[in-house]
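Heads up, the sequence shown is in this note's numbering, so the first residue is 58 and it goes up one at a time. Here is the structure we will look at, set down as structure tokens.
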Amino acid sequence: MSEDSSYELVIGDVIKQLPLKAQKRKFNLFIADPPFGISFNKSSHEYGAKEYNLYQDEFTPEGYFEFSKQWIEICYNSLVKNGSLYIISGWTNLQYILNALALSKFYLLNHAIWYFSWGVYTKRRFATSHYHILLLIKNKKNYQFYKQKKYDEDVFFWPEYNRGNDPHRIKGHPCQLPIALLEKLILTSSSPGDLVGDIFSGSGGTILAARKTDRDVIGFEIREDYKDIIYQKAKFGKSLSQENSVTLESYLPK
Ligand SMILES: C[S@@+](CC[C@H](N)C(=O)[O-])C[C@H]1O[C@@H](n2cnc3c(N)ncnc32)[C@H](O)[C@@H]1O
58 MSEDSSYELV IGDVIKQLPL KAQKRKFNLF IADPPFGISF NKSSHEYGAK
108 EYNLYQDEFT PEGYFEFSKQ WIEICYNSLV KNGSLYIISG WTNLQYILNA
158 LALSKFYLLN HAIWYFSWGV YTKRRFATSH YHILLLIKNK KNYQFYKQKK
208 YDEDVFFWPE YNRGNDPHRI KGHPCQLPIA LLEKLILTSS SPGDLVGDIF
258 SGSGGTILAA RKTDRDVIGF EIREDYKDII YQKAKFGKSL SQENSVTLES
308 YLPK
């Protein structure tokens with residue numbers, strides 16, 4: 058891992074801040090894990106725990122659709138010609154994201170599923186056990202795609218992973234994606250030295266994954282009070298030379 062890649066966090070609304078950054082350098086890849094828009098609140102068992110600092114997540118359906126249209130268009134305009142965008146979404150508001158995408162110039166190359174098994178118990182419905190991962194490209198004839206294994210299928214699963222054993226998980230943010238997933242997306246759709254945009258930074262996992270894979274990265278997060286969490290998780294000001302790639306073994310008990 059080289060120590061030459063650059064990383065930065067912008068605190069502010071990505072709708073305003075992203076175009077300013079793209080004026081200086083266009084992005085090769087965006088990872089977007091937008092707010093879910095499900096109004097999660099303190100009574101929900103997982104998010105109610107004291108250490109979580111909840112972010113504003115309330116949208117009307119129309120508001121969510123408009124918001125999705127806005128950031129998707131800004132992403133399109135901020136990407137290089139062979140650039141890609143990954144959108145990670147739960148199922149609840151996926152329809153608005155897909156409708157917004159249908160109005161955009163992006164081409165949907167894959168609609169993948171990340172299947173996880175977190176031991177969530179439900180009484181009268183199936184337990185949600187997946188996220189949707191959409192891979193969008195600008196140009197069907199020219200895009201980066203580097204398979205990570207021979208049969209690289211569109212259902213991702215890390216059997217040993219559950220949130221409790223994530224070595225990178227940090228207190229303070231309610232929804233953190235595993236670094237193994239983020240690394241996979243970055244390695245598949247960009248090259249070392251490329252610029253990755255982490256447009257809804259949250260806990261900063263994408264910044265860490267981009268640093269670990271020698272990409273330049275800019276994160277955007279609207280909440281000032283997540284700054285320290287992001288700095289800590291993405292190891293701002295620290296060398297990553299001791300960090301190894303995330304493997305399945307990372308999730309096994311030590
Ligand atoms: C689902 S979380 C992202 C979690 C992240 N993938 C992780 O692994 O930690 C969405 C984040 O987007 C932030 N956010 C919401 N609206 C935003 C906006 N307009 N600009 C920048 N960040 C925003 C929220 O504060 C929240 O931290």
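We put the beta carbon where it would ideally sit given N, CA and C, even for glycine. If you're wondering where the values come from, they're calculated on a predicted model, not measured in any experiment.
Cβ-heavy atom distance, Gln233 to ligand 1, below 7 Å: yes
Asp61: CB within 7 Å of a non-hydrogen atom of ligand 1: no
Residue from Phe116, Glu210, Asp61 and Tyr203 whose Cα sits closest to the Cα of Trp171: Glu210
CB contact flag (Tyr121, Asn156, <8 Å): no
8 Å CB neighbourhood of Lys83 in its chain, flanking five on each side removed: Ser135, Leu136, Val137, Gly140 and Leu252
In DSSP terms, what Gly276 is bridged to: Leu66 and Asp255
Asn123 CB to nearest heavy atom of ligand 1 below 7 Å: Sequence check: residue 123 is Glu here, not Asn. Incorrect: Glu123 has no Cβ contact closer than 7 Å to ligand 1.
Test item: CB-CB of Gly261 and Ala237 under 8 Å: no
Where His102 falls, given that 16 or more other Cβ within 10 Å makes a residue buried: In this prediction, His102 scores a pLDDT of 43, lower than 50, which makes its location untrustworthy; the coordinate-derived value is nonetheless stated afterwards. By the neighbour-count rule (16 or more Cβ atoms within 10 Å), His102 is not buried but exposed.
Cα-Cα separation between Asn199 and Ser246, rounded to whole angstroms: 12 Å
Local conformation of Ile72 per DSSP, three classes: helix
Coil, strand or helix - Ala184 by DSSP: coil
Beta-carbon proximity of Ile227 to Gln152, cut-off 8 Å: no
Terminal residues of the alpha helix (DSSP H) in which Asn134 lies: Pro118 to Ser135
Contacts around Ile145, its chain only, beta-carbon distance under 6 Å, and the 5 residues preceding and following it disregarded: Asp90, Tyr188 and Ile190
Residue from Lys180, Thr185, Ile129 and Val177 with nearest C-alpha to Ala159: Ile129
Chain-order list of residues whose beta-carbon lies under 7 Å from that of Ile154 (same chain, five-residue window excluded): Ser125, Ile144 and Ser146
Asn64 classed as buried or exposed, judged by whether at least 16 other C-beta atoms fall within 10 angstroms: Residue identity differs from the one stated: residue 64 is Tyr in this sequence, not Asn. Flag for Tyr64 reads buried.
Short Cβ contact (8 Å threshold) for Gly294 with Ile287: no
Sheet register partners of Ser146 (DSSP bridge): His189
Under 8 Å between C-beta atoms of Tyr208 and Phe163: no
6 Å CB neighbourhood of Asp70 in its chain, flanking five on each side removed: Ile279
Environment of Arg316 [buried if 16+ CB atoms lie within 10 Å]: Residue 316 is absent from the model: the chain starts at 58 and stops at 311.
Ile243 and Leu86 closer than 8 Å at C-beta: yes
8 Å Cβ cutoff met for Asn219 and Ser174: yes
Check whether Gly254 and Cys232 have beta carbons under 8 Å apart: no
N- and C-terminal bounds of the beta strand (DSSP E) containing Asn167: Tyr164 to Tyr172
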